[in-house]
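The working numbering applies: residue 139 is where the sequence shown begins, and numbers increase by one. C-beta atoms are modelled at their ideal positions from N, C-alpha and C, and glycine is treated no differently. One structure is given below, encoded as structure tokens.
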Amino acid sequence: MKLSRLTATMASFVVGAVLALTGAGAAHAHENSAGPAYVALGDSYSSGVGAGSYDSASGSCKRSTKAYPALWAAAHAPSSFAFTACSGAKTGDVLNNQLGPLNSGTGLVSISIGGNDAGFADIMTTCVLQSESTCVNAVNSAKTFVQNTLPAKLDQVYDAIRAKAPSAHVVVLGYPRFYKLSGSCVLGLSETERAAINSGADVLNSVTAKRAADHGFSFGDVTTTFTGHEICSGSAWLNSVTIPIDESYHPTAAGQSGGYLPVFSSAA
Numbered sequence: 139m140k141l142s143r144l145t146a147t148m149a150s151f152v153v154g155a156v157l158a159l160t161g162a163g164a165a166h167a168h169e170n171s172a173g174p175a176y177v178a179l180g181d182s183y184s185s186g187v188g189a190g191s192y193d194s195a196s197g198s199c200k201r202s203t204k205a206y207p208a209l210w211a212a213a214h215a216p217s218s219f220a221f222t223a224c225s226g227a228k229t230g231d232v233l234n235n236q237l238g239p240l241n242s243g244t245g246l247v248s249i250s251i252g253g254n255d256a257g258f259a260d261i262m263t264t265c266v267l268q269s270e271s272t273c274v275n276a277v278n279s280a281k282t283f284v285q286n287t288l289p290a291k292l293d294q295v296y297d298a299i300r301a302k303a304p305s306a307h308v309v310v311l312g313y314p315r316f317y318k319l320s321g322s323c324v325l326g327l328s329e330t331e332r333a334a335i336n337s338g339a340d341v342l343n344s345v346t347a348k349r350a351a352d353h354g355f356s357f358g359d360v361t362t363t364f365t366g367h368e369i370c371s372g373s374a375w376l377n378s379v380t381i382p383i384d385e386s387y388h389p390t391a392a393g394q395s396g397g398y399l400p401v402f403s404s405a406a
């Protein structure tokens, strides 16, 4: 069943704003006493949009104390922790705004990046407002971009991280599938559209994992931990369309602690 025109218009406003915030505020850092110096880079899936409890000093980057980088740092007491991940960041934003804390003493780096480069917000708007075939075509176009153009952009980011932090263990985090197919949702996108969006996430993860491996980085696959907790699962760790609008289609606090943190902790 499709959304009504009114609901679809509201959803368009929401998804059009999702991941639209770019740039980076000042890094949040603190000194502790034990583990390796840790720097957390990336987009809103790393900054913790959707999880609440945002650090007011991070402004529109919306870094959450419930995001997996902050949770890991609180549990492992790194010798220093710089949190520069930012809502809406693309690969260019990481290169231009987030790498300052990296140095030869950095021991651990985490990053999720690439979803905004692939045009996630535009895809979701298209799928909500337009036909099923248009949605599928938009996803397929994004897949082509991810396979043909994104690898070079990821290489630039990964090369820059390695140059600035030559001794660091780098963990690249992927993205969850959004939807449980044949799930509990009775409104919204069609099953075909949900399956197409999931397949887009799979392609993005596959390409990202390959580029990470080729740079000697670890890849954290979160599709396993989010299985059974997708939208339409009845126990979702991902927001659907929400207010505040920028939290839509992002992990909840449970998604950060139960979906991302165990994967990062294992890889780290």
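Endpoints, beta strand (DSSP E) assigned at residue i
i: Ser218; result: Ser218 to Phe221
i: Leu410; result: Any answer about residue 410 is impossible in this case: the structure gives the chain only from 139 up to 406.
i: Ala175; result: Ala175 to Gly180
i: Thr244; result: Thr244 to Ser250
i: Phe357; result: Ser356 to Gly358
Straight-line Cα distance separating residue j from residue i
i: His307; j: Ala213; result: 18 Å
i: Tyr206; j: Ser395; result: 6 Å
i: Ser225; j: Val324; result: 30 Å
i: Val187; j: His388; result: 6 Å
i: Ala195; j: Arg201; result: 9 Å
i: Tyr176; j: Ala347; result: 21 Å
i: Ala301; j: Ser271; result: 44 Å
i: Asp231; j: Gly252; result: 11 Å
i: Leu442; j: Glu331; result: Nothing in the structure corresponds to residue 442, since the chain is present only between 139 and 406.
i: Gln285; j: Ser217; result: 38 Å
i: Leu240; j: Tyr192; result: 23 Å
i: Leu233; j: Val341; result: 23 Å
i: Arg349; j: Gly257; result: 19 Å
i: Tyr313; j: Tyr183; result: 8 Å
i: Gly393; j: Phe283; result: 27 Å
i: Val274; j: Asn343; result: 18 Å
i: Leu267; j: Ala259; result: 12 Å
i: His168; j: Gly245; result: Interpretation of His168 is limited by its pLDDT of 49, a score under 50 that renders its predicted location unreliable; the figure taken from the coordinates is listed afterwards. Taking the straight line from one Cα to the other gives about 15 Å.
i: Glu329; j: Ser373; result: 18 Å
i: Met148; j: Thr263; result: Caution applies to Met148, whose pLDDT of 43 falls short of 50 and renders its modelled position unreliable; the value that the coordinates give is listed next. Their Cα atoms are separated by approximately 10 Å.
i: Phe355; j: Pro289; result: 14 Å
i: Ile381; j: Ala351; result: 37 Å
i: Phe219; j: Ser386; result: 28 Å
i: Ala227; j: Ser305; result: 25 Å
Member of the options whose CA lies at the smallest distance from the CA of residue i
i: Phe221; options: Ala227, Gly190 and Ser185; result: Ser185
i: Val309; options: Pro289, Ser378, Phe357 and Val177; result: Phe357
i: Lys291; options: Gln268, Asp255 and Ala259; result: Asp255
i: Asn235; options: Ile381, Val247, Ala406 and Leu179; result: Leu179
i: Val379; options: Gly257, Ala303 and Leu327; result: Leu327
i: Gln294; options: Glu331, Pro239, Thr229 and Ile249; result: Thr229
i: Thr287; options: Gly245, Gly190, Val345 and Ala333; result: Val345
i: Asn336; options: Ala351, Ser373, Glu368 and Phe355; result: Glu368
i: Asp181; options: Ala223, Phe219 and Met262; result: Ala223
i: Gly366; options: Asn275, Ala333 and Arg315; result: Arg315
i: Ala303; options: Glu385, Gly190, Leu237 and Ile261; result: Leu237
Cβ pair residue i, residue j closer than 7 Å
i: Gly321; j: Val277; result: no
i: Tyr317; j: Cys370; result: yes
i: Thr361; j: Gly397; result: no
i: Ala391; j: Lys204; result: yes
i: Ala334; j: Leu319; result: no
i: Ile261; j: Ala280; result: yes
Endpoints, the alpha helix (DSSP H) within which residue i is located
i: Thr282; result: Glu270 to Asn286
i: Asp340; result: Glu329 to Asp352
i: Thr433; result: The structure shown does not extend to residue 433, since the chain is modelled only from 139 through 406, so no value can be given for it.
i: Thr203; result: Neither: Thr203 is in no alpha helix (DSSP H) and is coded neither H nor E.
i: Pro400; result: Leu399 to Ala405
i: Cys407; result: Lying before the first or after the last residue shown, residue 407 is absent from the chain, which here runs from 139 to 406.
i: Phe316; result: No alpha helix (DSSP H) holds Phe316; DSSP gives it neither H nor E.
Other residues of its chain near residue i: CB distance less than 6 Å, five sequence neighbours each side excluded
i: Gly161; result: Note that Gly161 scores a pLDDT of 39, beneath 50, so its modelled location is shaky; the value from the coordinates is reported in the next line. Same-chain partners within the cutoff: there are none.
i: Gly163; result: Annotation note: pLDDT 41 at Gly163 (below 50); position unreliable, coordinate value reported separately. So the qualifying residues of the chain are Ser196, Gly197 and Cys199.
i: Gly243; result: Ala175
i: His353; result: Tyr296
i: Leu399; result: Tyr206 and Leu209
i: Met139; result: A caution first: Met139 carries a pLDDT of 41, below 50, which makes its placement in the model too unreliable to give a value.
Same chain only: Cβ atoms within 7 Å of residue i, ignoring 5 sequence neighbours per side
i: Phe402; result: Tyr206, Trp210, Ser248, Val309, Leu311 and Gly358
i: Ala189; result: Ser202, Lys204, Ala205, Pro389, Thr390, Ala391 and Gln394
Near the ligand COA: residue i beta-carbon under 6 Å from a heavy atom
i: Asp255; result: In the structure shown, the ligand COA is absent, as is every other ligand, since no ligand is present at all.
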